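Below is one structure; the comments refer to it alone.
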Amino acid sequence: MLNMDLFRNGIDKIRADHDKRGLEHTRIDQVIRLDDEWKDALKQMEDARRERNQAARGISEAKKNRDTAAADTIMAEVKNIGAKISQLDEQANSLLEQRDIIRMRIPNILHEAVPIGADEGGNTQHSLHGEKPQFDFEPRTHNELIEMNKWVELERAAKIAGSRFFFLKGDLARMELALQSFAVDFIINRGFTFVQPPVMMNRKAYEGVTDLSDFETVMYGITPDPLYMIATSEHPLTAMFMDEIIEPSLLPIKMVGVSSCFRREVGAHGLSDKGIWRVHQFTKIEQIIICKPDDSWQHHEDLLDNCTDLWDALGLHYEVVNICTGDMGTVAARKYDLEAWLPGADAYKEIVSCSNCTDYQANRLSMRFRTNEGNTAVHTLNSTAVATSRALVAIMEQNQLKDGRVAVPECLVPLMGGKTHLEPCQW
RNA sequence: GCGGAGAUCGCAAAGUUUGGUAUUGCGCCGGCCUUGAAAGCCGGUGUCGCUUGACACGGGAGUUCGAAUCUCUCUCUCCGCGCCA
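In our numbering, each residue's number is its place in the first sequence (first place is 1) plus 318.
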């Protein structure tokens, strides 16, 4: 959510950003109009309240002087003022609520370096890492590999949970655990604190960190308690400091989280989504930074460096993509994706997303720190380190051998008891 | 799940019995003093509107001219009991 000050004193910035995104200005105008109406209503209500307060003081004074008659006179005068106040109060609250419902839907101000484009076709390449693996045989898709090696059970998972769930088995499951451990250690070594979050959140906290439409398409709600399963540990870790004034000496707060992630994936279809690429539940290691506004763009680059160093260590071939205006979404001001080469699919596909959300989440969550000029909203950043299911897909496809086995990335071998290749599961 | 105690400005506390419009200490910021610093003294230090103001004592509702204070309700924390990986 954008700060109201920007609507009152920096409206040109918002309009320019909408132009860049190709959006109509309707919502901006609505927010400004509702803000003016709210201020009028607020003023009226405050006048009425002031009247009431003065009367109350008069009564207090009169009673102290044992002047019951004077007290009764004033009480009779202000008898009905309460009803008037609550009516004005209701009106003001309603206007404020309307204003902020619309304000919540206005996207963040983009960084100037964000390329302009209508959709993902407008994304630009930032850098290319590693080399495309060459095969002297026809490379298999990860779906073929998990089936021939019996590493994943989709049908039995569908039987007990539903489609897009999976059992991981044998060496592939073991490598999943090794990946978690490797990624967490890797990010800890960059000065991040390891944090394991709750995997459910209440509605209020969740509205602070995500696009409202996600409640319909992404999040699982819980019965009977009004909670939501987290779609990523970004959400609890960012909302962790909700409603707090953070000690400046604590900033920047750097966290690496690991959690199961739950996504409904409503509307997602397609052959390329078969297998474990797009699923309802997966594990993700996530980097989070909460910092002062002046530092956030440097931190954004640092997060990306952590990612590229980590994926370089895994020895995989991928490109870094600069996300364009049309592909950006509401919350981020700038976003890099890592896209891994999948020889089976003959395409680069998303494995990491690295965002600077500036003060957009912090405004909604009311997360601030002290400065000489008063309390100021912090900036929040998040980046995948590794989403294990997708990392497994990339490793399987890029490291596959002619016989269908898969070479374990060197950095993971010590975490797999010295095992250098994934062997088929017996059943 | 049961019983008890609690939630007051960044932190710590008073005020709640008896309703009259939020106080103190620490921390932080600024000023005075000083060669500089500390100490000391003075002022400031939640939110919104900004011109005098309004709001804020965990959230919401109620009683009242007026609620931190009384009533109801929800949430969370602590202690004890029960259950449990």
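Beta carbons are placed, not taken as given, at the ideal position from N, Cα and C, and that holds for glycine. Small disclaimer: the values here were computed from a predicted structure and weren't measured.
Relative to the Cα of residue 646, the nearest Cα in the group 606, 566, 371, 435 belongs to 435. Its chain contains 727 as the residues whose beta carbon lies nearer than 6 Å to that of residue 633, once the 5 sequence neighbours on both sides are disregarded; these appear in chain order.
In the DSSP assignment, residue 488 falls outside any beta strand (DSSP E) and within the unbroken alpha helix (DSSP H) covering 488 to 506. A Cβ-Cβ distance of about 5 Å is found for the pair residue 505 and residue 703, placing them in contact under the 8 Å criterion. For the set 566, 663, 596, the Cα lying nearest the Cα of residue 692 is the one of 566. Annotation: the continuous beta strand (DSSP E) that includes residue 575 extends over 571 to 580. If you check the CB distance, residue 352 and residue 500 do not come in under 8 Å. Under the three-state reduction of DSSP, residue 683 is assigned to helix. Between residue 723 and residue 697, the CB-CB gap reaches or exceeds 8 Å.
Around the C-beta of residue 498, 16 or more other C-beta atoms lie within 10 Å, and the residue is accordingly described as buried. Apart from the 5 residues on each side of it in sequence, residue 540 sits with its Cβ closer than 8 Å to the Cβ of 518, 546, 547 in its chain, given in chain order. When secondary structure is reduced to three states using DSSP, residue 637 falls in the strand class. Taking residue 607 as the centre and dropping the five residues before and after it, the same chain places the C-beta of 570, 572, 617, 699 closer than 6 Å to its C-beta, in chain order. For residue 543, the closest of 558, 552, 521, 535 by C-alpha to C-alpha distance is 521. Here residue 695 really is in contact with residue 321; their C-beta atoms are around 7 Å apart, less than 8 Å. The Cβ atoms of residue 526 and residue 551 do not sit closer than 8 Å to each other.
Taking 8 Å as the cut-off, the Cβ atoms of residue 401 and residue 363 do not count as close. A residue is called buried when at least 16 other Cβ atoms come within 10 angstroms of its Cβ; residue 368 does not meet this threshold and is exposed. For residue 741, there is no enclosing alpha helix (DSSP H), as DSSP marks it with neither H nor E. Within the DSSP bridge table, the entry for residue 539 names 546 as partners. Annotation: residue 440 to residue 581 spans about 26 Å, alpha carbon to alpha carbon. Relative to the Cα of residue 449, the nearest Cα in the group 658, 556, 686 belongs to 658. Note on residue 460: 16 or more other CB atoms within 10 angstroms of its CB, so buried under the neighbour-count rule.
Burial check for residue 474: the Cβ neighbour count within 10 Å stays below 16, so the residue is exposed. Beta-carbon to beta-carbon, residue 514 and residue 635 are separated by about 32 Å, too far to satisfy the 8 Å threshold. Secondary-structure assignment with DSSP links residue 702 through a beta bridge to 604.
Shown here, residue 436 sits in coil according to DSSP, grouped into three states, outside any helix or strand. With respect to the 8 Å criterion, residue 432 and residue 708 are not classified as neighbours on the basis of their beta carbons. DSSP places residue 729 within a helical segment (H, G or I) once states are collapsed to three.
Between the C-alpha atoms of residue 466 and residue 742 there is a straight-line separation of about 8 Å. For residue 443, the enclosing beta strand (DSSP E) begins and ends at 442 to 447. Residue 450: not part of any beta strand (DSSP E); DSSP gives it neither H nor E.
Its Cα nearest to that of residue 688, the residue 609 stands out among 705, 665, 609, 531.
Within its own chain, the residues whose Cβ lies closer than 7 Å to the Cβ of residue 356, once the five positions on either side in sequence are excluded, are 410, 413, 414, 417, listed in chain order.
Inter-residue distance for residue 675 and residue 380 is about 57 Å (C-alpha atoms, whole angstroms). Relative to the Cα of residue 482, the nearest Cα in the group 511, 730, 334, 585 belongs to 585.
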